[in-house]
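Residue 281 in numbering that gives the first Met the number 0 is what sits at position 282 of the sequence shown, and the numbering runs on without skipping anything.
A virtual CB, placed ideally from N, CA and C, is assigned to each residue, including glycine.
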Amino acid sequence: MRRFVLLAVAVLLVPTTRAAAQTTTDTTAVVCPTGLSAAGTKVCTAALDGITMIHPLAALLMNGGNPRLGSAGVIGRFGHIALGLRATTAMAVVPDLTWAGNTDTVPVGRRVQLYAPRVDLAMGLLQKQMPTGVVGIDFMLSALVIPRNRTNLFTPVPGSRTIQDATVALDWGIRAGMSSPKLPTVSLSIMKRSTPTVQMGGTTNGQTTAWTFNASAIDVRLFTGKRFGWFEFAAGAGVDLLSGKGEVAYRDPGTGTVGEVLEPKLSGMRIVTALNLGVHVGPLHFVGEGGYQVGSNLALTTRYAENNPNAGKFFGGLGVVLAR
0 MRRFVLLAVA VLLVPTTRAA AQTTTDTTAV VCPTGLSAAG TKVCTAALDG
50 ITMIHPLAAL LMNGGNPRLG SAGVIGRFGH IALGLRATTA MAVVPDLTWA
100 GNTDTVPVGR RVQLYAPRVD LAMGLLQKQM PTGVVGIDFM LSALVIPRNR
150 TNLFTPVPGS RTIQDATVAL DWGIRAGMSS PKLPTVSLSI MKRSTPTVQM
200 GGTTNGQTTA WTFNASAIDV RLFTGKRFGW FEFAAGAGVD LLSGKGEVAY
250 RDPGTGTVGE VLEPKLSGMR IVTALNLGVH VGPLHFVGEG GYQVGSNLAL
300 TTRYAENNPN AGKFFGGLGV VLAR
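1. Should N275 be listed as close to the ligand SAM, given that the test is whether its C-beta is under 6 Å from any heavy atom?
2. Below 8 Å, how does it come out for the region 239-254 and the region 52-60: are there three or more Cβ pairs, yes or no?
3. Taking the C-alpha atoms as reference points, what is the distance between F227 and D170?
4. Short of 6 Å in beta carbon distance, which residues of its chain neighbour G39, apart from the five on each side in sequence? Order them along the chain.
5. Just the Cα atoms here: how many angstroms apart are S159 and L96?
6. Tell me Q292's beta-bridge partners as DSSP assigns them.
7. Whole beta strand (DSSP E) runs in the region 44-121 with 3 or more residues, listed along the chain?
8. Give every residue of the same chain whose Cβ lies closer than 6 Å to the Cβ of R278, excluding the five residues on either side of it in the sequence, and list them in chain order.
9. Report yes if the C-beta distance between G123 and F153 is below 7 Å; otherwise report no.
10. According to DSSP, simplified to helix, strand and coil, what is A236?
11. Which whole-angstrom value is the C-beta distance of G235 and G176, which I expect to be below 8 Å?
12. Excluding sequence positions up to five away, which residues of its chain have a Cβ less than 8 Å from the Cβ of V260?
13. Quick one: what's Q198 bridged to in DSSP?
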């Protein structure tokens with residue numbers, strides 16, 4: 000058990016020691032063109048900074064905290080599964096996408112509580128008794144589900160993977176863990192996640208800014224936990240290695256012309272912590288999750304009302320897991 004914990008901690012410490020000095024999104028290769036009006040330059044700059052700021056929020060909703068909600072353990076035994084339904088939520092303060100560059104601060108456009116429904120499946124692969132406990136490995140699948148017409152904040156782009164009336168992104172990963180009757184369970188998980196490409200804003204009907212982007216991530220999570228009768232807790236932390244593609248369109252308020260589309264590169268790293276508390280009722284496990292995505296210095300030049308781009312973000316979630 001001790002060797003397993005030390006190895007897992009070492010895996011996490013390598014990237015986390017770099018996280019504090021790394022920005023979340025890199026747009027240094029993309030700059031606004033010359034020849035814009037003064038207001039147009041401000042709108043273009045704010046559009047680039049805005050997609051930089053919103054991208055980690057999309058990644059947070061995509062990733063959440065615990066890959067297997069409510070538990071730090073593994074199933075292990077081949078043929079056994081755990082099926083979960085969850086929703087991760089976080090508050091978004093979206094800048095005003097009609098801003099015309101006529102003030103020093105971009106005002107608030109919308110405050111909205113966002114929800115990301117997800118279906119999780121964990122399947123046991125193998126289990127082995129060791130002198131210090133039972134070691135197991137699980138294969139994990141997950142699907143991010145975005146129902147259509149539930150929000151007008153963003154729209155999935157045509158060509159996204161759909162099932163019925165929902166846009167879906169499929170993820171996968173693996174978890175290895177060790178459990179012992181006397182010690183807390185410890186596990187290390189790695190997940191590959193992604194979101195559909197979505198559009199926000201526009202350059203017509205008074206709007207001056209449009210974003211098109213997606214988010215991808217490799218998540219690493221180290222969790223520990225224990226079950227006490229009906230109740231179970233799990234706590235952990237990890238890192239999200241973020242990437243994605245973005246397109247920024249803008250309209251120059253001074254001339255009324257729409258500028259060329261800019262394509263900033265979206266990448267970076269975020270540290271995430273999470274706590275799960277749940278109760279078992281028969282084969283069902285009802286779980287609540289709370290967590291925090293640590294902030295990072297984005298080095299943006301645009302000022303946003305009621306929105307600190309460098310601040311961390313709290314998130315929450317509820318779900319139910321059926322284990323067989």
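Once the coordinates are examined:
1. Looking for the ligand SAM in the displayed structure turns up nothing, as the structure carries no ligands at all.
2. yes
3. 31 Å
4. D251 and G253
5. 24 Å
6. V271 and K312
7. 80-94
8. Checking the sequence shown, residue 278 turns out to be Val, not Arg. Same-chain partners within the cutoff: W229, F230 and F285.
9. Contact flag unset, no.
10. strand
11. 11 Å between Cβ atoms; not a contact.
12. E246, V247 and A248
13. The partner list for Q198 (beta bridge, DSSP) reads T154 and T211.
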